[in-house]
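For reference, the structure discussed in these notes is given below.
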Amino acid sequence: MSCIMSTQVEIAVIGAGPYGLSVASHLLAQGREVRVFGLPMQTWHEAMPVGMKLKSEGFASNLSDPTGELTLERYCQLNGLPYSHTGTPVKVEIFSAYGRAFQQKFIPHLEPRMVSSIERVPNGFALRLDDGEGVRARTVVVATGIKAFSYTPPELDGLSNDLVTHASCYGDAEHLAGRDVAVVGGGASATDIAALLRARGANPFIVTRRPSIRFQSALGQRSLLDRIKAPMTGLGPGWKSVLCVHAPLVFHAMPEDFRVDVVRRYLGPAPAWFVRDQVEGHVPVVADAKVAKVEAGGRGVRLQISHSDGATRTLEADHVISATGYRVDLDRLTFLGDGIRSSLRRSDTAPALSRHFESSVPNLYFVGPAAANSFGPLMRFAYGADYTARRLSRHLAGVSVRKGNRQDERFTALSSERSRP
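For the sequence shown, numbering that gives the first Met the number 0 gives the first residue as 0, with consecutive numbering after it.
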């Protein structure tokens with residue numbers, strides 16, 4: 000193997016989704032030395048069902064640059080695309096293209112390479128890229144999004160990918176046309192993938208523990224009283240959402256058990272109102288159903304189902320898709336060296352972070368969904384990218400100033416010593 004020399008950089012940002020790109024745009028605007036690694040908007044481009052629409056409203060689907068120059072609204076205006084602050088669902092293809100346009104404008108030197116490993120070294124971190132290049136960075140910001148955190152429950156594990164896959168594997172599903180597909184889950188991921196499967200000529204059916212699938216309601220026109228009782232936010236209406244959006248530091252100060260429970264329960268993955276017509280009356284739903292076991296057999300897969308009344312049944316499908324969401328787990332970030340992972344203080348299975356997104360490993364920061372247990376549900380949505388980018392970039396600017404002042408003080412002291420007779 001050829002020896003590739005390491006290069007030095009002040010800040011390395013790992014990930015090029017809404018959070019990574021937003022943080023990088025603010026740091027670069029400060030004149031910081033930054034290298035950004037990752038494929039732009041990869042999860043949105045590759046792992047979301049074709050034709051899917053975002054649950055977030057248009058005004059809540061922006062990436063963040065320091066002056067708000069390129070919002071989703073501005074991008075749509077420039078490209079003749081439909082847009083409204085509320086009421087017009089944003090297609091995932093438009094959001095993904097917007098993110099790539101944002102990257103080209105503000106982070107033109109993005110490096111579409113993956114980081115294969117990070118280790119601690121004196122004065123920073125040693126990164127190894129997938130092409131073998133080594134990079135030394137004083138500070139690392141991990142903004143890898145949700146892709147690494149796809150969750151498949153144990154009862155669906157153990158079979159080959161020919162029989163069981165996670166919903167994140169499907170940007171499209173043409174190869175499943177004509178096949179019976181069991182979609183396990185009852186949230187937005189399940190209904191989105193079921194709608195895609197139906198559109199591609201497959202025969203999906205949903206298996207969910209819930210007694211029924213409850214879709215969100217369209218907001219429509221809201222009266223003054225409605226707006227007072229449940230103010231609108233980027234996370235939806237309600238005073239709880241107001242607190243999540245405007246008081247992430249208050250959330251940070253709450254007891255850990257409370258924070259973890261809120262993140263787990265609040266703003267769950269309820270299916271969006273605009274998917275209802277594609278699913279209700281078209282996709283069979285096996286409700287109040289727990290998958291006890293899956294095994295190869297029959298046409299492909301047999302699912303042993305149990306109901307809350309004790310009844311059991313067996314279902315058959317050609318394929319099973321686990322639409323069971325994502326769970327942040329540091330152990331899934333295999334590019335983090337064992338020494339780093341073992342040193343990280345945790346909040347449940349996520350990193351425990353300071354008020355400035357710094358982990359217990361100095362100069363290692365986490366943003367996006369990985370920060371939700373510390374800062375609240377806001378971090379699970381693109382809407383949280385603006386708060387994160389502004390707070391983190393201000394903090395790192397202060398760190399840089401303090402380091403510079405200490406270096407100046409050391410230089411002055413050294414000069415004074417040398418000038419003594």
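Yeah, the Cβ is synthetic: ideal placement off N, Cα and C, and Gly gets one too.
Beta-carbon spacing of residue i, residue j below 7 Å
i, j, result
"residue 183", "residue 203", "no"
"residue 374", "residue 247", "yes"
"residue 10", "residue 36", "no"
"residue 115", "residue 130", "no"
"residue 234", "residue 102", "no"
"residue 192", "residue 93", "no"
"residue 64", "residue 105", "yes"
"residue 362", "residue 259", "no"
"residue 317", "residue 336", "no"
"residue 262", "residue 140", "no"
"residue 144", "residue 267", "no"
"residue 7", "residue 135", "yes"
"residue 74", "residue 100", "yes"
"residue 109", "residue 117", "no"
"residue 338", "residue 315", "no"
"residue 210", "residue 323", "no"
"residue 382", "residue 59", "yes"
"residue 201", "residue 178", "yes"
"residue 251", "residue 354", "yes"
"residue 138", "residue 274", "no"
"residue 356", "residue 370", "yes"
"residue 425", "residue 384", "Within the shown structure, residues of the chain are numbered from 0 to 420, placing residue 425 beyond reach of any answer."
Residues that DSSP places opposite residue i in a beta bridge
i, result
"residue 35", "12"
"residue 232", "235"
"residue 114", "128"
"residue 306", "288"
Expected contact under 8 Å - CB spacing of residue i and residue j to nearest Å
i, j, result
"residue 290", "residue 206", "6 Å"
"residue 149", "residue 165", "5 Å"
"residue 72", "residue 293", "That pair is no contact at about 45 Å."
"residue 365", "residue 352", "6 Å"
"residue 342", "residue 360", "5 Å"
"residue 214", "residue 270", "5 Å"
For residue i, the three-state DSSP class (helix, strand or coil)
i, result
"residue 429", "Nothing can be reported for residue 429: it is not among the residues displayed for the chain, which extend from 0 to 420."
"residue 416", "Because the pLDDT of residue 416 is 48, which lies under 50, any placement of that residue in the model is unreliable, and the question is left without a value."
"residue 85", "coil"
"residue 215", "coil"
"residue 145", "coil"
"residue 164", "strand"
"residue 390", "helix"
"residue 179", "strand"
"residue 383", "helix"
"residue 296", "strand"
"residue 350", "strand"
"residue 258", "helix"
"residue 407", "Caution applies to residue 407, whose pLDDT of 48 falls short of 50 and renders its modelled position unreliable; the value that the coordinates give is listed next. Helix at residue 407."
"residue 331", "helix"
"residue 2", "Interpretation of residue 2 is limited by its pLDDT of 39, a score under 50 that renders its predicted location unreliable; the figure taken from the coordinates is listed afterwards. It is coil, neither helix nor strand."
Sequence-distant residues of the same chain with beta carbon closer than 7 Å to residue i, five excluded per side
i, result
"residue 305", "289, 291 and 311"
"residue 70", "61"
"residue 232", "240, 241 and 244"
"residue 38", "15 and 111"
"residue 286", "207, 209, 210 and 211"
Other residues of its chain near residue i: CB distance less than 8 Å, five sequence neighbours each side excluded
i, result
"residue 416", "Bear in mind that the predicted position of residue 416 carries a pLDDT of just 48, short of 50, making it unreliable; the figure below should be weighed with that in mind. Same-chain partners within the cutoff: there are none."
"residue 198", "50 and 277"
"residue 24", "62, 63, 64, 65, 101, 105, 106 and 388"
"residue 344", "350, 351, 358 and 359"
"residue 332", "141, 143, 147 and 340"
"residue 26", "10, 12, 33, 392 and 395"
Cut-off 6 Å between Cβ atoms - residues of its own chain near residue i, not counting five sequence neighbours on either side
i, result
"residue 217", "272"
"residue 407", "Low confidence applies here, because residue 407 scores a pLDDT of 48, under 50, leaving its location unreliable; read the following figure in that light. Once the five neighbours on either side are set aside, residue 407 has no close Cβ partner at all."
"residue 47", "91"
"residue 208", "289"
"residue 230", "241"
"residue 185", "207, 209 and 212"
heavy atom of the ligand MG below 6 Å from residue i C-beta
i, result
"residue 226", "This structure simply doesn't include the ligand MG, nor any ligand for that matter."
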